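Below you'll find the structure, written out as structure tokens, and then a few comments.
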Amino acid sequence: MDLDACLDILKARQGCDHEEHAGHEATPCAVANVKQTLAHDLHLESCVPEDDDLQATSTRGLYDAFMRCQSKRVEIYARFETGFVELMFKDEFAVFSQEITKHFAAVSAEINRIEATLRARDATTLAALIRKVQIQEKEKLLLTSALLLERMRSKQTRDDDVSASIYDTSIRSMEGTHTKIIEAINELLVEMQYEVAELDA
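Under this note's numbering, the final residue of the sequence shown carries the number 206; numbering is consecutive throughout.
Here it is as structure tokens:
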């Protein structure tokens, strides 16, 4: 997952802050609280077996592990969106952005391990589908970050401001692209189901 690119998008939020927040940093206590809350909400246990166990896992088992990772990614997205709204004008936002993207990166790394294991045993079709999902998920994360930022900017704009309609158009365009990405991911997941069903037959 492109962690740096996602953080760059979220850092753009700093230019949208109210002046009273400019230059402020979260206190160590607030930083610890954000980290602990995310760790509690998202749980830190791995969805994937250790390397030795991973090698011994069946192809069906690897697929199941991938789907657990996808479910975890859905949880992170939900927390990402709620946390963005809750903290977007608070000093803790920078820490939240860094921590949430680390959770995304951790899930992506686990999926990469699954993909590598599948390729090593010549399950190339399933591995290729996972790679396509990963590419789409990368785009989805970057677009979600940009979309949340654009919505925040829109809320800060008065209805009679000339930029209001520009933001609305931009948001609609992003939402349309976001929907297409989700549809593409779902189609790939269906293809994976068929592929695994053939392996089980």
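Note that beta-carbon positions come from the ideal geometry of N, C-alpha and C, so glycine has one too.
Note that the structure is a prediction, hence the values are computed from the model and not measured.
- When secondary structure is reduced to three states using DSSP, R124 falls in the helix class.
- By the Cβ rule, the segment 114-133 does not count as touching the segment 175-190, because fewer than three pairs are nearer than 8 Å.
- Around the beta carbon of T149, 16 or more other beta carbons sit within 10 angstroms, so the residue counts as buried.
- Taking C-alpha positions only, K160 is separated from F98 by approximately 17 Å.
- In the DSSP assignment, C52 falls outside any alpha helix (DSSP H), carrying neither H nor E.
- With respect to the 8 Å criterion, F71 and I119 are classified as neighbours on the basis of their beta carbons.
- A direct Cα-Cα distance of roughly 46 Å separates E196 from R163.
- Scanning D96, S175 and Q198 for the CA closest to the CA of N38 turns up D96.
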